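These notes concern the structure reproduced below.
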Amino acid sequence: MTESSTPAPAPRNPIILCRTCGQRHQLHDNHVYDYCDIVDEELTCNICLQPLVNPMDTMCGHTFCMRCLRSVLNLHKFCPIDRRPLTQQDCRASSLIVRRMLDRLIVLCPNTDFCTSKLPRSELEPHLQNRCPGRIVGPGAPIRHGQLTSIEINRKPNRDLGIYFVGGNETPLIGVVVQEVIPGEVVAEDARILPGDQIVQVNSRDLRDIPHSIAREALCSAETPLRLTIYREKQESKAPVFTTTVLQVSLTKVTGVPLGIKIAAKQSEQGIYIMEVLESSLARRDGRLKADDRVLQINGFNVEDEMPERVARIIRDCGDRVEMVVSRQVQVTTPEVIQVPPAELPTEPFTLLRHALAPKVRAEKTVNIKKGNKECMGISVSGGKGQRKGDVPIFITGIQADGCVARHGQLKKGDILLSVNGTSLLHLPLFIHKICVHIALKLMNFILIPPYRKETFSLV
């Protein structure tokens, strides 16, 4: 005979993160405030010994917080001070003057990590909802780039968040960074947290500069609703970088073969440009002139400020030989290997949040990546000797979506690089990114990167 398991009843007075006062307290308890100054005893409740919240007057002349008084009258039908008979019907709201005095009490914003505001108590709720830098964004509101954002997530008891996370102060990362979001779980259903986001706090508990195991315990044991403070890196525009190259081209006219270039002026830019190099022409056979080249000189004559018709006439009158000087914009395609300070985000040990799984060992692997001639690597790195936390290995802090590393999909944030094309990256100094760039510039089509990945699994 089997016994059917019944879910445990929900607590009658659960702890909540209050949107009015910004503090965690039980659902049916008074709001909690951090007062800047000592409050007069006349404005203090004799039951909770705190400044009055929603004050109520009794027939016998005493004043209490509404919730404090009701909790007492539910048990005893007399005044807590003089023991005279009293019911809830015998109580009334305090005068407008008293309520205004209480509303003007100066309190601190509870989001002290992000906000230092001091304001009247009555203004705290709109401040928390609309102006505070550490405010909780509304349901569905996106996480802001380049700044801290607090979000609230509700999860049912015994349900995991469903994220892989990395970090801890025993790793090159100081903070806790989301590595992957598991589809169908709580975080995925909320759809705001993304891989690469740093979890700075959970329910006001700071997750920076703490061991990985402590961060895991904090995420697993946090009570609902979870208030997560998230930092997402600011997206930087990846505008292409160009350099100007000047070319001298000499063409000898051949009878019956056209020179084969079309020239025109651009509306948005000054100068004369080659718009097209025609097939089976002298310029096409030579191969040096290209569309979008800017014509600077023809046979020693400066044509930068001339009209297209005038330039065409000069070319026709050149005789058998045409000497051209053109400028060309060439996109810089050096691999983008950037150093990011370790305290900003990214990663080392890899963690899947599930309680029962045991840690896995480190694994060394060789990865071959084919790189196009004009393709960037698209990775950011950090680490090296002389870091604030001591000597740490070189590890990947970011992968750009348009780079060859992302296209191959074999490397992840947090992978530690041991060598590139046989060149060891171990025991290199702090400014390792300069050395990495120097190595990357020598690469042809293949990049060999052995990552040293530590994988630690646990579930939140």
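Just remember that the working numbering sits 6 ahead of the position in the sequence shown, which is counted from 1.
Positions of the beta carbon are idealized from the N, C-alpha and C atoms, including for glycine.
Here the structure is a predicted model, which is why all the values come from computation and not from measurement.
Taking contact to mean 3 or more Cβ pairs, one atom from each stretch, closer than 8 angstroms, check whether the stretch 259 to 269 and the stretch 180 to 190 are in contact. Using a Cβ-Cβ distance cut-off of 8 angstroms, the stretch 259 to 269 and the stretch 180 to 190 are not in contact, since fewer than three pairs of beta carbons, one from each stretch, lie closer than that value.
Where do the N-terminal and C-terminal ends of the beta strand (DSSP E) with Ile216 fall, by residue? Within the sequence shown, the letter at position 210 stands for residue 216. No beta strand (DSSP E) contains Ile216, which DSSP labels as neither H nor E.
Report yes if the CB atom of Pro264 is closer than 9 angstroms to the CB atom of Leu288, and no otherwise. By one-based count along the sequence shown, residue 264 stands at place 258. By one-based count along the sequence shown, residue 288 stands at place 282. Result yes, Cβ atoms of Pro264 and Leu288 sit closer than 9 angstroms.
Measure the alpha-carbon distance for Asp196 versus Glu158 and round it to whole angstroms. As a first step, residue 196 must be located in the sequence shown, where it is residue number 190. As a first step, residue 158 must be located in the sequence shown, where it is residue number 152. Spanning the two alpha carbons is a distance of roughly 10 angstroms.
Collapsed DSSP secondary structure at Leu108 in the structure displayed: Start at 1 with the first residue of the sequence shown, and residue 108 comes out as number 102. DSSP places Leu108 in helix when its eight states are reduced to three.
Would a C-beta distance cut-off of 9 angstroms place Tyr237 and Val208 closer than the cut-off? Walking along the sequence shown from the start, residue 237 turns up at place 231. Walking along the sequence shown from the start, residue 208 turns up at place 202. Against a cut-off of 9 angstroms, the Cβ pair of Val208 and Tyr237 comes out as no contact.
Taking the C-alpha atoms as reference points, what is the distance between Val161 and Glu48? Taking the first residue of the sequence shown as position 1, residue 161 is located at position 155. Taking the first residue of the sequence shown as position 1, residue 48 is located at position 42. The identity of residue 161 in the sequence shown is Arg, whereas the question assumes Val. Answer to the nearest angstrom: the Cα atoms are 42 angstroms apart.
Distance check for Asp408 and Val252, CA to CA, integer angstroms please. Working through the sequence shown from its first residue, we reach residue 252 at position 246. Working through the sequence shown from its first residue, we reach residue 408 at position 402. C-alpha of Val252 to C-alpha of Asp408: approximately 30 angstroms in a straight line.
For a quick check, are the C-beta atoms of Tyr279 and Asp298 less than 9 angstroms apart? Stepping through the sequence shown from its first residue, residue 279 is reached at position 273. Stepping through the sequence shown from its first residue, residue 298 is reached at position 292. Contact flag set, yes.
Within 9 angstroms, strictly: CB atoms of Ile405 and Ser386: Sequence index remark: in the sequence shown, residue 405 carries index 399 (1-based). Sequence index remark: in the sequence shown, residue 386 carries index 380 (1-based). Against a cut-off of 9 angstroms, the Cβ pair of Ser386 and Ile405 comes out as a contact.
In this structure, does DSSP put Val426 in helix, strand or coil? Residue mapping note: residue 426 aligns to position 420 of the sequence shown, counting from 1. Looking at Val426 - three-state DSSP - the assignment turns out to be strand.
At what residues does the alpha helix (DSSP H) containing Asp474 begin and finish? As displayed, the chain neither begins before 7 nor continues past 466, which places residue 474 out of reach and without an answer.
Give the single residue among Thr122, Gln276, Val113 and Asn60 whose Cα lies nearest to the Cα of Val104. One-based indexing of the sequence shown puts residue 104 at position 98. Measuring from the Cα of Val104, the nearest candidate turns out to be Asn60.
Could you name the residues of the same chain whose beta carbon sits closer than 6 angstroms to that of Ile149, not counting the 5 residues immediately before and after it, in chain order? The residue given as residue 149 occupies position 143 in the sequence shown. Only Thr155, Arg198, Ile236 and Arg238 meet the Cβ criterion.
Could you give the residue range of the alpha helix (DSSP H) that holds Glu195? As a first step, residue 195 must be located in the sequence shown, where it is residue number 189. Here the alpha helix (DSSP H) through Glu195 covers Val192 to Asp196.
What distance in whole Å lies between the Cβ atoms of Glu191 and Asp166, which are believed to be in contact at a cut-off of 8 angstroms? Numbered from its first residue, the sequence shown carries residue 166 at position 160. Numbered from its first residue, the sequence shown carries residue 191 at position 185. 6 angstroms between Cβ atoms; contact.
Can you tell me which of Thr177, Arg137, Lys240 and Leu225 puts its alpha carbon nearest to the alpha carbon of Pro217? Within the sequence shown, the letter at position 211 stands for residue 217. Of the candidates Thr177, Arg137, Lys240 and Leu225, the one whose C-alpha sits nearest the C-alpha of Pro217 is Thr177.
So what does Phe70 bridge to, in DSSP terms? The sequence position of residue 70 within the sequence shown is 64, counting from 1. Paired residues: Met62.
Return the Cβ separation of Leu92 and Leu58 in integer angstroms, given the expectation that the two are a contact with Cβ distance under 8 angstroms. On the sequence shown, position 86 is the one that residue 92 refers to. On the sequence shown, position 52 is the one that residue 58 refers to. Wrong, their Cβ atoms sit about 18 angstroms apart, outside the cutoff.
Can you give the Cα-Cα distance for Asn136 and Tyr39, rounded to whole angstroms? Position 130 of the sequence shown, counting from 1, holds the residue named residue 136. Position 33 of the sequence shown, counting from 1, holds the residue named residue 39. Approximately 18 angstroms between the Cα atoms of the pair.
Ignore the nearest five residues each way along the sequence and tell me which others in Arg89's own chain have a CB closer than 7 angstroms to its CB. Taking the first residue of the sequence shown as 1, we reach residue 89 at position 83. Excluding residues within five positions, none has a Cβ falling inside 7 angstroms.
According to DSSP, is Asn136 part of a helix, a strand, or is it coil? The sequence position of residue 136 within the sequence shown is 130, counting from 1. Per DSSP, reduced to three states, the secondary structure at Asn136 is helical.
Could you tell me which residues DSSP pairs with Met330 in its beta bridges? For the purposes of this step, residue 330 is taken as the residue at position 324 of the sequence shown. Val255 and Ile304.
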